[in-house]
Every structure is written in structure tokens, then in C-alpha cells.
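Encoded as C-alpha cells, the structure appears first; notes follow it.
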Ligand SMILES: [Zn+2]
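In this note's numbering, the protein residues as written are 44 to 390.
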């Protein structure tokens, strides 16, 4: 292992843009599909097509269309509360092994209910929260953000927001907006976000990933999004960069995801450094780490190689500051992460 990689393995890490379902281990995915007698690829409304069954192959895909078939199959393979509990246990083990200290993780309950209408969603979320609490004894803490899926429309989104509000004292801290950004713009979800914010939920949204800078502006101005998932296409409009700077709206940047989905050109350096130079608050995460064949450690390595270790360390502290922890807990985490970063800097 390269010495820089050793240093990055030791760094404290913060998840602000990680989908819990997208952390499913390949071995577990294969096991769950075998048990259910389903393929590792899923096409909506069509017969199954065969997919790879070797864990080393199961998350390989040639294009974004194939990725969506895999994502569908992952969602389908997670059938009952026990599967989500196992997913969460394995996530916690993998996060602790990578020295993740804190995380706000997305879950997509409307996707669960689409594949498994019989699933008791609130009970499943409570079970996930319970499993996440096991990390506390190991110095890490996690909260959940319920991601609303654009494709299911505003009524489904409102149901998710109501459920998130009911679970607000129980590990759920906010709502997010995922799914098809080009066909389902932020304006469809203004009532949902107004409701959620009135309930004390924090607000984030994917934007500026598949659609351009206007989508970022609308997520901020119409939804009150306090952080933007990806947001890299804000660079297409200097006025939107200025908006992010002025309002101090952080971006949750996921380089490998952006290259694989085509949100960022794969033959050019990722624009995180350009966003940073423009004065936008950049944080780094892995999106759907196992599905994209990456990890938060790997994303940190990519950033350190492009921009240097000091820039990466600054991004880590920016992620602490961009978290939704309350004042005292945020200060506590910041002190601890700063101390760990400076101890490593002295090596
Ligand atoms: Zn995402």
C-alpha cells in the first residue's frame, strides 16, 4: 500500500451523502437474491434477465442503464426487516473499519414499499436506528435522512415526509430528494418541504447532478434545501455559485458516482477543486459505495491525490460543520476530529 493511502485509511471520516441501501456488501446481495430465487438484475415490468452471481462480478456494469438494473435488484433483494437489520449491521462494521466517526445516511422508504408493499416501513426504520446505535459503543454515531423519490410524485413524497416527522425523535433528522431530477423538478415538492421544515426536519436535496444549475437554485430557493447532494452543475451558472457561497450551502460531492453516472466527464479531473476555488463549501462522500465499486476511503484517496492531503483534511472539517448535529455535539465532534487530524499531520 502506498504511504499516502495508509494515512488516508487512518483519517477520521464523515458520511453526509451515503445511501444505506447502496452499502450492501456484494456477498450479501448474492446471498439474498439466491434465497429469494431472483436475479441480480431487475427490469421494471419485464421478466428477469440473468445477472452475474459471483460477488466479484455482481456490481460490475458497463453503463448507467445496467447500473439501474442492479440498483433495482438490490432494492428487491432487501425484502424484510431482518434484511435491513443485517444491511445496517454490516454497514456499521464496514464504517467502523474505515474510521467513520459520524454519518447522516439516506434511506429510501418509498422504494422499499414499491418493491415490498407488505413491509412495515416505520418498524423497519426503527430497527435500522437500533442497529446504528450499536456504533456508539465504538465511538461513532449515525442518523437517518428519509429520501423522497421524485418519480413517485408529490403524494408519495408527502407520505414519506409525514412518516419522517413521526420518527423525528427516533433517529430520523430530515428529508432528502432523490430519483429522476430531469423529469420531476423541485417545484413539485415545495409543499412537502414546507411541511417537513415546519415539523423541524432538516432539508437536503439531490440537485445539479442530472439537471443543470437551475435545479440547484430551485432546491435552495423553493425547497429550502440546507445542503445539496452533488450540485456540481452549479458551475454552469456563476449566479448559482454565488447563491451557494452567500448562503453557505454545502455540497455533498461524490466523485466516482459523478464519473459513472456521467454527471461529470470521466476523462477530465472532477470539478470539486473548481467548486472549492470558487468558494463553495465542498464535502466528500461515496453515494452508493459498494454498488459503485468504491468506499469513502477510496473517495478520500482520490481527492488527496488530486488536491493534496491538506485540502482533504479541510473538507473533512467542513463536513463536520455541515452536519446537522446541534451546537454542543458538533463542537465535540469537531474537537475530536481536529485532534485526530493534527495527530496524523504530525506523522
Ligand atoms: Zn445520492
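By construction, the Cβ of each residue, glycine as well, lies at the ideal position given by its N, Cα and C atoms. This structure is a prediction, so every number in the text was calculated from the model and none was measured.
Practice prompt. Kindly indicate the opening and closing residues of the alpha helix (DSSP H) around residue 198.
Written response: 196-209
Discussion item. Measuring only from the beta carbon, is residue 351 closer than 7 Å to any heavy atom that is part of ligand 1?
Written reply: no
Discussion item. Using C-beta distances below 8 Å, list every residue in its chain close to residue 304, excluding the 5 sequence neighbours before and after it, in chain order.
Written reply: 107, 110, 252 and 253
Discussion item. Can you tell me whether residue 290 is helix, strand or coil according to DSSP?
Written reply: coil
Discussion item. Which residues does DSSP list as the beta-bridge partners of residue 149?
Written reply: 62 and 188
Worksheet item: Measuring CA to CA, which of 347, 91, 333 and 367 is closest to residue 104?
Response: 333
Worksheet item: For the alpha helix (DSSP H) that residue 326 lies in, which residues bound it at each end?
Response: Counting along the chain, residue 326 falls outside any alpha helix (DSSP H), though it belongs to the beta strand (DSSP E) covering 325-327.
Worksheet item: How many angstroms separate the CA atom of residue 57 from the CA atom of residue 295?
Response: 11 Å
Worksheet entry | Simplified DSSP assignment, three categories, for residue 270 | strand
Worksheet item: On the three-state DSSP scale, how would you describe residue 344?
Response: helix
Worksheet item: Since residue 248 sits in a beta bridge, which residues does DSSP pair it with?
Response: 271
Worksheet item: Which residues in the same chain as residue 337 place their Cβ atom closer than 7 Å to its Cβ, once the five residues preceding and following it in sequence are excluded?
Response: 299 and 329
Fill in: N- and C-terminal bounds of the alpha helix (DSSP H) containing residue 92
Neither: residue 92 is in no alpha helix (DSSP H) and is coded neither H nor E.
Discussion item. Considering only their Cβ atoms, is the gap separating residue 229 from residue 173 smaller than 8 Å?
Written reply: no
Discussion item. Please classify residue 366 as buried or exposed, where buried requires at least 16 neighbouring CB atoms within 10 angstroms.
Written reply: buried
Worksheet item: By Cβ distance, which residues of its chain are closer than 6 Å to residue 149, with the 5 residues on each side in sequence left out?
Response: 62, 188, 190 and 219
Discussion item. Once the 5 residues before and after residue 288 are set aside, which same chain residues still bring their CB inside 8 Å of it?
Written reply: 321, 322 and 323
Worksheet item: By DSSP, does residue 144 sit in helix, in strand, or in coil?
Response: strand
Fill in: residue 54 in three-state terms, based on DSSP
coil
Fill in: Residue from 345, 348 and 277 with nearest C-alpha to residue 318
277
Worksheet entry | Bounding residues of the beta strand (DSSP E) (the contiguous stretch that carries residue 81) | It is not in any beta strand (DSSP E) - residue 81 carries neither H nor E in the DSSP assignment.
Worksheet entry | Close-in-space but distant-in-sequence residues of the same chain around residue 132 (CB under 6 Å, 5 per side omitted) | 174
Discussion item. Can you determine whether any heavy atom of ligand 1 sits closer than 7 Å to the C-beta of residue 163, and answer yes or no?
Written reply: no
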